[in-house]
Amino acid sequence: MNNSKNPSSLRSKKEFTDALLRLMQDHPYSEISVKQIVMETSLVRKTFYLNFNSKDDVLNSVINRIILEYTQALSTACEGPFTVIFDFCEKNKELLQLLHKNNMLHLLLLKLNEVIPECNRTMDMSNNPFAKTIGNLEPDYIIAYNIGAVWNVIFKWVDRGMIDSLDEIKNTIEQYLSQY
3 MNNSKNPSSL
13 RSKKEFTDAL
23 LRLMQDHPYS
33 EISVKQIVME
43 TSLVRKTFYL
53 NFNSKDDVLN
63 SVINRIILEY
73 TQALSTACEG
83 PFTVIFDFCE
93 KNKELLQLLH
103 KNNMLHLLLL
113 KLNEVIPECN
123 RTMDMSNNPF
133 AKTIGNLEPD
143 YIIAYNIGAV
153 WNVIFKWVDR
163 GMIDSLDEIK
173 NTIEQYLSQY
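If you number the sequence shown the way this note's numbering does, the last residue is 182 and the count never jumps.
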């Protein structure tokens, strides 16, 4: 993927990513082609390949963008991590549904497992609500536990149609953790 910050390039990338997400609403991801993505835009194929290598590259750019927003919110939040996590889910509900529909939610988990350990190097783990349940394990284990536990709960919420209240889920998890 081209990482240019040129305004024209950024507009083109947004148009292609929006087109892919629109197509994913009506078509399985596996059946979407670069040609279809281009046809959904006012751009040409050459512009696509100036910005992306493949449709996977487009989807990865979407995931990278939202994970960056998520990690920035985590690192600057005054409220607890659960508030940030569930606000993130509420904000990205449509994308979570599209990824679930295409059996691709695991891509978020893979990206989180890659990015969160890097963020940990700059974050204060003393406020981490999971730390007391893990004890004296190395931070990498705490991070893996956090990501696996919380995001599996979120995946279950998505799998159940997002009908349960995120506040109730958050409160249940916090009550559970307060027992330790």
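Yeah, the Cβ is synthetic: ideal placement off N, Cα and C, and Gly gets one too.
| query | Does the distance from the C-beta atom of Asn94 to that of Ile118 stay below 9 Å? | reply | Sequence index remark: in the sequence shown, residue 94 carries index 92 (1-based). Sequence index remark: in the sequence shown, residue 118 carries index 116 (1-based). No. Outside cutoff.
| From Arg162 to Gln74, what distance separates their C-alpha atoms? | The sequence position of residue 162 within the sequence shown is 160, counting from 1. The sequence position of residue 74 within the sequence shown is 72, counting from 1. Taking the straight line from one Cα to the other gives about 28 Å.
| Three-state secondary structure assigned by DSSP to Met164 | Counted from its first residue, the sequence shown places residue 164 at position 162. Met164: coil per DSSP, three-state reduction.
| Which term fits Ile165, buried or exposed, when burial requires 16 or more other beta carbons within 10 angstroms of its beta carbon? | Here residue 165 corresponds to residue number 163 of the sequence shown, with the count starting at 1. Answer is exposed; the Cβ neighbour count stays below 16.
| So Asn104 packs on Tyr31, CB below 8 Å; how close in whole Å? | What you label residue 104 is simply residue 102 of the sequence shown in a count that begins at 1. What you label residue 31 is simply residue 29 of the sequence shown in a count that begins at 1. 4 Å between Cβ atoms; contact.
| message | Can you tell me where the alpha helix (DSSP H) holding Tyr72 begins and where it ends? | response | Here the question's residue 72 lines up with position 70 in the sequence shown. Residues Lys57 to Thr78.
| said: Using C-beta distances below 8 Å, list every residue in its chain close to Ile39, excluding the 5 sequence neighbours before and after it, in chain order. | reply: Mapped onto the sequence shown, residue 39 falls at position 37. Result list for Ile39: Phe18, Ala21, Leu22, Leu25, Phe50, Lys57 and Val60, in chain order.
| query | Can you tell me whether DSSP reads Ile34 as helix, strand or coil? | reply | Locating residue 34 in the sequence shown gives position 32, where the first residue counts as 1. Three-state DSSP puts Ile34 in coil, outside helix and strand.
| So is Asn53 buried or exposed if we call it buried at 16+ other beta carbons inside 10 Å? | Taking the first residue of the sequence shown as position 1, residue 53 is located at position 51. It is buried - the Cβ of Asn53 has at least 16 other Cβ atoms within 10 Å.
| So, is Leu107 buried or exposed, given that buried needs 16 or more other C-beta atoms within 10 angstroms? | Position 105 of the sequence shown, counted from the start, is the residue given in the question as residue 107. Looking at its Cβ environment, which holds 16 or more other Cβ atoms inside 10 Å, Leu107 is buried.
| message | For a test of the three-state rule: what should DSSP assign to Phe132, helix, strand or coil? | response | Position 130 of the sequence shown holds residue 132. Because Phe132 carries a pLDDT of 49, less than 50, the predicted location of this residue cannot be relied on, and no value is offered for it.
| field | Status (buried if at least 16 other CB within 10 Å, exposed otherwise) for Cys80 | value | Position 78 of the sequence shown, counting from 1, holds the residue named residue 80. Per the 10 Å Cβ criterion, exposed.
| query | Can you tell me the Cα-Cα spacing of Ile68 and Glu140, whole angstroms? | reply | Within the sequence shown, numbered from 1, the residue matching residue 68 stands at position 66. Within the sequence shown, numbered from 1, the residue matching residue 140 stands at position 138. Rounded to the nearest angstrom, the two C-alpha atoms are 27 Å apart.
| query | What whole-angstrom Cβ distance do Gln177 and Leu100 have, given they're in contact under 8 Å? | reply | Counting from 1 along the sequence shown, the entry for residue 177 is found at position 175. Counting from 1 along the sequence shown, the entry for residue 100 is found at position 98. Contact flag wrong, Cβ pair sits at about 31 Å.
| Coarse secondary structure for Lys7, derived from DSSP in three states | One-based indexing of the sequence shown puts residue 7 at position 5. Lys7: coil per DSSP, three-state reduction.
| field | Spatial neighbours of Asn66 in its chain, beta-carbon cut-off 8 Å, leaving aside the 5 residues before and after | value | One-based indexing of the sequence shown puts residue 66 at position 64. The residues are Lys113.
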